[in-house]
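Colleague: First the structure, which I've put down as structure tokens, then a few questions once you've had a look.
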Amino acid sequence: MTSTAVPARTRLGPTLEPYALVIIFVLMFVFFAIAPETSDLFASHANLSSVLANQSVLGVLALGSLAPLVCRNFDLSVGAIASLSQIAIAAAMSRFDLPLVVALVVGIAIGTMVGVVNGIVVTRFRVNALIATLGMATFVAGLIQAYTEGQTISNGISKSFVRFGSGEQAGIPNVTFVLAVVAVAVWYLLTQVPFGRHLHFIGSNPESARLVGIDVDRAVRRSFVVSAFFASVGGALLVARNGTGDPRSGANYMLQALAAAALGATAIRPGRYNVVGTLVAIMLLGFGVNGLTLWGVPYWINDVFFGASLVVAVAISSSLGRERAGAT
Amino acid sequence: MTEPSGLARPGLALAGLGKSYAGVAALDGVTLEIRRGTVHCLVGGNGSGKSTLVKLLAGVVNRDARGTVTIGDRTVAASELTPSWARDAGLRFVHQDIGVFDDMSVADNVAVVTGYPTGPGGKIDRAALDTSVRALLQRFGLDVDPAAPTGSLRPAARTMLAIARALYDQGPSSRNGVLVLDEPTASLPEHESAFLREMLRRYAADGHAIVLITHHLSEVLDVADDVTVLRDGRHVVTREREGLEYRDLVALIVGSDIPERWARPVFEPATASDHGLVVTGLSGGSVHDLSLRVGRGEVVGIAGMRGSGRSQVVKMIAGVTAPTRGQVHVNGTDLGAGGIPSAIAAGVAYVPEDRDRDAAFGDLDVGSNLLAVGVRRYLRRGRLDHAAEHADATRLIREFGIRTRSERQTMSTLSGGNRQKVVLARWLERRPTLLLLDEPSQGVDVGARAEIHRIVEQAVELGTAALVVSSDFDELCLLCDRVIVMRSGRQVAELARHELTPARLTELSFAPLEAA
Numbered sequence: 058m059t060s061t062a063v064p065a066r067t068r069l070g071p072t073l074e075p076y077a078l079v080i081i082f083v084l085m086f087v088f089f090a091i092a093p094e095t096s097d098l099f100a101s102h103a104n105l106s107s108v109l110a111n112q113s114v115l116g117v118l119a120l121g122s123l124a125p126l127v128c129r130n131f132d133l134s135v136g137a138i139a140s141l142s143q144i145a146i147a148a149a150m151s152r153f154d155l156p157l158v159v160a161l162v163v164g165i166a167i168g169t170m171v172g173v174v175n176g177i178v179v180t181r182f183r184v185n186a187l188i189a190t191l192g193m194a195t196f197v198a199g200l201i202q203a204y205t206e207g208q209t210i211s212n213g214i215s216k217s218f219v220r221f222g223s224g225e226q227a228g229i230p231n232v233t234f235v236l237a238v239v240a241v242a243v244w245y246l247l248t249q250v251p252f253g254r255h256l257h258f259i260g261s262n263p264e265s266a267r268l269v270g271i272d273v274d275r276a277v278r279r280s281f282v283v284s285a286f287f288a289s290v291g292g293a294l295l296v297a298r299n300g301t302g303d304p305r306s307g308a309n310y311m312l313q314a315l316a317a318a319a320l321g322a323t324a325i326r327p328g329r330y331n332v333v334g335t336l337v338a339i340m341l342l343g344f345g346v347n348g349l350t351l352w353g354v355p356y357w358i359n360d361v362f363f364g365a366s367l368v369v370a371v372a373i374s375s376s377l378g379r380e381r382a383g384a385t
Numbered sequence: 091m092t093e094p095s096g097l098a099r100p101g102l103a104l105a106g107l108g109k110s111y112a113g114v115a116a117l118d119g120v121t122l123e124i125r126r127g128t129v130h131c132l133v134g135g136n137g138s139g140k141s142t143l144v145k146l147l148a149g150v151v152n153r154d155a156r157g158t159v160t161i162g163d164r165t166v167a168a169s170e171l172t173p174s175w176a177r178d179a180g181l182r183f184v185h186q187d188i189g190v191f192d193d194m195s196v197a198d199n200v201a202v203v204t205g206y207p208t209g210p211g212g213k214i215d216r217a218a219l220d221t222s223v224r225a226l227l228q229r230f231g232l233d234v235d236p237a238a239p240t241g242s243l244r245p246a247a248r249t250m251l252a253i254a255r256a257l258y259d260q261g262p263s264s265r266n267g268v269l270v271l272d273e274p275t276a277s278l279p280e281h282e283s284a285f286l287r288e289m290l291r292r293y294a295a296d297g298h299a300i301v302l303i304t305h306h307l308s309e310v311l312d313v314a315d316d317v318t319v320l321r322d323g324r325h326v327v328t329r330e331r332e333g334l335e336y337r338d339l340v341a342l343i344v345g346s347d348i349p350e351r352w353a354r355p356v357f358e359p360a361t362a363s364d365h366g367l368v369v370t371g372l373s374g375g376s377v378h379d380l381s382l383r384v385g386r387g388e389v390v391g392i393a394g395m396r397g398s399g400r401s402q403v404v405k406m407i408a409g410v411t412a413p414t415r416g417q418v419h420v421n422g423t424d425l426g427a428g429g430i431p432s433a434i435a436a437g438v439a440y441v442p443e444d445r446d447r448d449a450a451f452g453d454l455d456v457g458s459n460l461l462a463v464g465v466r467r468y469l470r471r472g473r474l475d476h477a478a479e480h481a482d483a484t485r486l487i488r489e490f491g492i493r494t495r496s497e498r499q500t501m502s503t504l505s506g507g508n509r510q511k512v513v514l515a516r517w518l519e520r521r522p523t524l525l526l527l528d529e530p531s532q533g534v535d536v537g538a539r540a541e542i543h544r545i546v547e548q549a550v551e552l553g554t555a556a557l558v559v560s561s562d563f564d565e566l567c568l569l570c571d572r573v574i575v576m577r578s579g580r581q582v583a584e585l586a587r588h589e590l591t592p593a594r595l596t597e598l599s600f601a602p603l604e605a606a
């Protein structure tokens with residue numbers, strides 16, 4: 058019907074809105090850097106570098122999960138896939154004495170296969186993605202326990218790989234460069250090639266997408282393969298960072314990755330999942346938790362912070378999405 | 091229809107009604123009277139102010155409104171009109187989206203508005219509910235089982251159910267009610283809306299006032315006692331329908347005569363290859379053994395009632411659903427079982443009936459919507475050429491006269507007519523061999539309809555074959571060289587251009603099937 062202007066609501070200026078998250082991040086960063094309670098520890102190179110490196114691993118997972126999110130499918134298995142590839146890589150070197158490159162290929166291939174299965178379950182058997190990937194995450198976690206019997210794999214991990222994981226170039230952690238490469242790759246995939254455009258069409262209206270000739274099922278399948286691939290890369294980074302294959306690590310990355318992606322959708326291109334927004338969100342969450350911890354806030358703040366930011370972020374971004382659709 | 095005596099007192103009177111948004115007048119000094127015992131049709135193009143008027147009456151956008159509203163002996167300044175005042179005064183609204191839950195029972199759908207009668211412990215008293223619902227519906231001539239699922243009702247009965255529940259507290263003796271219906275027939279096939287109109291006429295004859303907003307002018311001419319035309323927020327005329335012709339009405343709405351149908355040479359296929367579309371023995375769903383040909387440069391219509399199989403025919407040709415039997419050749423190529431991709435590759439363009447559900451990407455921008463078919467063609471050296479996309483989108487917006495601020499505007503904020511133009515532009519830019527249109531101008535105003543027709547005519551002149559399904563028989567008569575009439579999945583008639591009249595199409599669509 059004729060859309061007449063809704064009475065103007067008070068809201069952030071349309072020009073400022075995309076950068077609100079960036080501004081919050083900068084203010085928070087500056088605050089922790091100068092507040093007497095946190096300044097000497099927070100602003101130290103060791104602290105910044107360690108947070109940056111940890112968030113880089115998480116960032117790789119979050120960016121990968123954007124592919125299914127753009128076509129409105131949740132992938133809750135990225136944490137489990139990261140764990141799986143991590144264990145596979147560690148085990149390939151430790152138990153099968155495979156060279157690093159072969160171990161990486163094997164581990165990432167195994168993790169990516171999980172994405173292939175996710176895609177088939179979702180598109181062929183029409184299982185809701187939330188259920189399919191939640192089930193897959195639990196299933197994979199069980200397999201990891203069975204294989205490792207809960208033990209960390211720590212022998213025979215490539216020394217040079219671990220050195221890479223803890224190393225820096227020009228004061229910036231090596232893994233952050235990996236994150237940068239992944240960010241460019243995901244940005245390219247989502248915005249510069251037809252595949253990404255197709256995902257956006259499917260996310261907007263799957264039936265319309267089908268009728269303009271897009272192979273919806275194939276694109277959805279591939280989106281799960283993309284997220285599994287990058288989750289597996291994240292698993293490889295975990296091995297490099299920790300120097301071990303720890304069956305417990307990686308699992309709690311799922312919620313944090315989703316929180317970052319959702320929070321990222323409130324920035325840069327409000328109401329849409331996007332790479333730069335996700336990067337900002339990753340850093341906001343990482344340095345936020347770090348600053349609060351240094352402030353002396355107890356350990357449970359981590360869960361409270363991520364849980365709350367996930368829900369708040371989705372609420373904000375869905376209202377931004379509605380505003381976009383309803384604005385005249 | 092003559093004015094019932096003793097009801098001269100106006101049911102609803104508006105004086106100098108006005109409303110501006112950001113300095114632009116959406117409604118500008120509208121004064122009119124709606125008589126009791128009449129059906130008063132309110133017509134106008136998109137942006138004419140109909141919706142604003144309804145919103146003002148409902149009391150939802152009344153800040154800075156001007157003028158007064160009088161119902162019976164109660165008068166209120168428009169700026170003071172609140173939803174509860176409207177309710178107390180007897181104003182009732184039924185919107186285009188009638189808000190009926192198909193998988194719940196009729197009684198539940200009534201109770202969701204009227205509330206549930208409850209017994210001890212707050213338990214719903216089903217027996218009391220069924221009795222009251224049955225009584226309510228019978229008042230409106232609906233004899234349905236309150237326990238029946240609402241989805242099983244005929245379409246007009248669903249709408250009538252929405253009307254009945256809106257009027258539940260307006261007893262038969264109450265004569266103050268004013269019922270405002272905002273496009274209640276938009277999604278109803280013709281015979282259903284005729285049934286609905288009959289019920290409305292009876293309700294009005296009881297002494298109630300009905301304000302009916304509709305895009306279907308034949309409906310206006312059929313049911314209205316009085317007609318008000320709005321254009322660009324201003325009151326054009328209020329008059330009796332008596333003596334008003336279709337073309338007069340169009341001229342009043344548009345403000346000028348719309349151009350006549352383009353003079354196009356009558357299509358005469360010289361060779362078989364001139365046939366853009368050849369369908370032989372097509373069966374599937376309710377469609378049985380249908381054959382038809384559409385030449386390049388020809389417009390063929392399919393007329394029929396909802397359920398006649400008319401939409402299924404175009405869906406099967408477009409590859410959306412698979413036929414059980416038969417062949418579809420487009421430009422000499424057998425489409426086989428290739429589905430949508432092979433149809434698109436052969437040059438088929440399909441504009442579906444429900445554009446918001448099946449064609450639009452509502453939350454994406456106009457540019458993306460325009461270029462949605464075959465994004466791959468913008469791939470240059472491994473990435474999409476955004477400059478080329480921008481150039482094409484801008485060109486299409488201009489060529490197809492799409493009214494949008496820019497290609498960046500969100501699709502869902504465009505008017506219905508403009509959204510349809512976007513969908514048409516998306517396909518016609520590809521110079522399709524075959525254009526399949528299902529209800530091309532549903533829910534758009536007369537001006538946009540004329541523009542859409544012109545767009546189709548231009549494509550056809552360039553050699554596209556067009557197959558048009560429409561429940562608007564005026565439209566088929568305006569647009570088509572030939573019309574096939576379908577009934578129960580079979581072709582029952584074919585009319586050439588000189589035989590086409592809406593009345594003839596209606597007659598053929600309804601005629602009972604002879605015993606086989």
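Chains as they are written, first to last, in the working numbering: chain D, 58 to 385; chain U, 91 to 606. Each residue gets a CB set at the ideal place from its N, CA and C atoms; glycine is no exception. Computed from a prediction, not measured in an experiment: that's the story for all the values here.
Exposed or buried, what is residue 126 (chain D) when buried is set at 16 or more other beta-carbons lying within 10 Å of its beta-carbon?
Modeller: buried
Colleague: Could you say which of U:321, U:269, U:296 lies nearest to residue 640 (chain U) if we only look at CA atoms?
Modeller: The requested residue 640 (chain U) is not part of the displayed model; chain U covers only 91 to 606.
Colleague: Secondary structure at residue 145 (chain U), three-state DSSP: helix, strand or coil?
Modeller: helix
Colleague: What did DSSP end up calling residue 368 (chain D) once you bin it into helix, strand or coil?
Modeller: helix
Colleague: For the putative contact between residue 115 (chain D) and residue 310 (chain D), defined by C-beta atoms under 8 Å, what is the C-beta separation to the nearest angstrom?
Modeller: 6 Å
Colleague: Taking only beta-carbon positions, decide if residue 319 (chain U) is within less than 7 Å of chain D.
Modeller: no
Colleague: Mapping DSSP to helix, strand and coil, what is residue 532 (chain U)?
Modeller: coil
Colleague: Counting contacts by CB-CB distance shorter than 7 Å, is residue 154 (chain U) in contact with chain D?
Modeller: So, not an interface residue.
Colleague: Out of U:479, U:465, U:502, U:515, point me to the one whose CA is closest to residue 489 (chain U)'s CA.
Modeller: U:515
Colleague: Could you give the residue range of the alpha helix (DSSP H) that holds residue 281 (chain U)?
Modeller: It spans 280-295 - the alpha helix (DSSP H) in which residue 281 (chain U) sits, taken as one unbroken run.
Colleague: Pick helix, strand or coil for residue 93 (chain U), following the three-state DSSP scheme.
Modeller: With a pLDDT of 43 at residue 93 (chain U), under the threshold of 50, the modelled position of this residue cannot be trusted; read the value that follows with caution. Three-state DSSP puts residue 93 (chain U) in coil, outside helix and strand.
Colleague: Residue 331 (chain D) touches chain U at which residues, Cβ-Cβ below 7 Å?
Modeller: Going along chain U, no residue has its Cβ under 7 Å from residue 331 (chain D), so there is no contact; the nearest lies around 14 Å.
Colleague: Could you give the C-beta distance for residue 121 (chain U) and residue 106 (chain U), rounded to a whole number, given that I count them as a contact under 8 Å?
Modeller: 6 Å
Colleague: What is the residue span of the alpha helix (DSSP H) that residue 174 (chain U) lies within?
Modeller: 173-179
Colleague: Ends of the alpha helix (DSSP H) at residue 258 (chain U)?
Modeller: Note, residue 258 (chain U): premise wrong, no alpha helix (DSSP H); not H, not E.
Colleague: Between the region 188-200 of chain U and the region 220-233 of chain U, are three or more C-beta pairs nearer than 8 Å?
Modeller: yes
Colleague: Excluding the 5 residues flanking residue 148 (chain D) on each side, which residues of the same chain have their C-beta closer than 7 Å to its C-beta?
Modeller: 210, 302
Colleague: State buried or exposed for residue 309 (chain U), treating a residue as buried only when at least 16 other CB atoms are found within 10 Å of its CB.
Modeller: buried
Colleague: Would you identify the three-state DSSP class for residue 105 (chain U), choosing helix, strand or coil?
Modeller: Note: residue 105 (chain U) maps to strand in three-state DSSP.
Colleague: Mind checking the region 266-287 of chain D against chain U and listing, in chain order, the residues whose C-beta falls within less than 9 Å of any C-beta there?
Modeller: For the region 266-287 of chain D, which is checked against every Cβ of chain U, the residues closer than 9 Å are 266, 267, 268, 269, 270, 271, 272.
Colleague: Give me the chain U residues within the contact set of residue 254 (chain D), using Cβ-Cβ distance strictly less than 8 Å, ordered along the chain.
Modeller: 458, 465, 474
Colleague: Candidates U:554, U:233, U:536: which alpha carbon is nearest residue 344 (chain U)'s?
Modeller: U:536
Colleague: In the DSSP assignment, the alpha helix (DSSP H) including residue 576 (chain U) goes from what residue to what residue?
Modeller: Annotation: residue 576 (chain U) is outside any alpha helix (DSSP H); the continuous beta strand (DSSP E) that includes it extends over 572-577.
Colleague: Where residue 284 (chain D) and residue 188 (chain D) are concerned, what is the direct C-alpha to C-alpha distance, given to the nearest angstrom?
Modeller: If you take the alpha carbons of residue 284 (chain D) and residue 188 (chain D), they lie about 16 Å apart.
Colleague: Note the first and the last residue of the continuous beta strand (DSSP E) segment covering residue 161 (chain U).
Modeller: Its beta strand (DSSP E) spans residues 156-161.
Colleague: Quick one: which residues of the region 387-413 of chain U get their C-beta closer than 7 Å to a C-beta of chain D? List them in chain order.
Modeller: 410
Colleague: Of the residues D:375, D:346, D:308, which one's Cα is nearest the Cα of residue 104 (chain D)?
Modeller: D:346
Colleague: Do you know offhand how far residue 150 (chain U)'s Cα is from residue 173 (chain U)'s?
Modeller: 7 Å
Colleague: DSSP three-state label for residue 265 (chain D), please.
Modeller: helix
Colleague: Can you give me the Cβ contacts of residue 567 (chain U) inside the same chain, cut-off strictly under 7 Å, excluding the 5 residues immediately before and after it?
Modeller: 590, 591, 592
Colleague: Are the C-beta of residue 75 (chain D) and some C-beta of chain U separated by less than 7 Å?
Modeller: Chain U contact via Cβ: absent.
Colleague: Can you pull the chain D residues whose beta carbon is under 7 Å from the beta carbon of residue 434 (chain U), in chain order?
Modeller: 270
Colleague: Would residue 251 (chain D) count as contacting chain U if we go by Cβ distances under 7 Å?
Modeller: yes
Colleague: Between residue 173 (chain U) and chain D, is there a C-beta pair that is closer than 7 Å?
Modeller: no
Colleague: Using the rule of at least 16 other Cβ atoms within 10 Å of the residue's Cβ for burial, across every protein chain shown, is residue 353 (chain U) buried or exposed?
Modeller: The predicted model places residue 353 (chain U) with a pLDDT of 45, which falls under 50 and marks its position as unreliable; any figure quoted below should be read in that light. Burial call: exposed.
Colleague: Can you name the start and end residues of the alpha helix (DSSP H) that residue 226 (chain U) belongs to?
Modeller: 216-229
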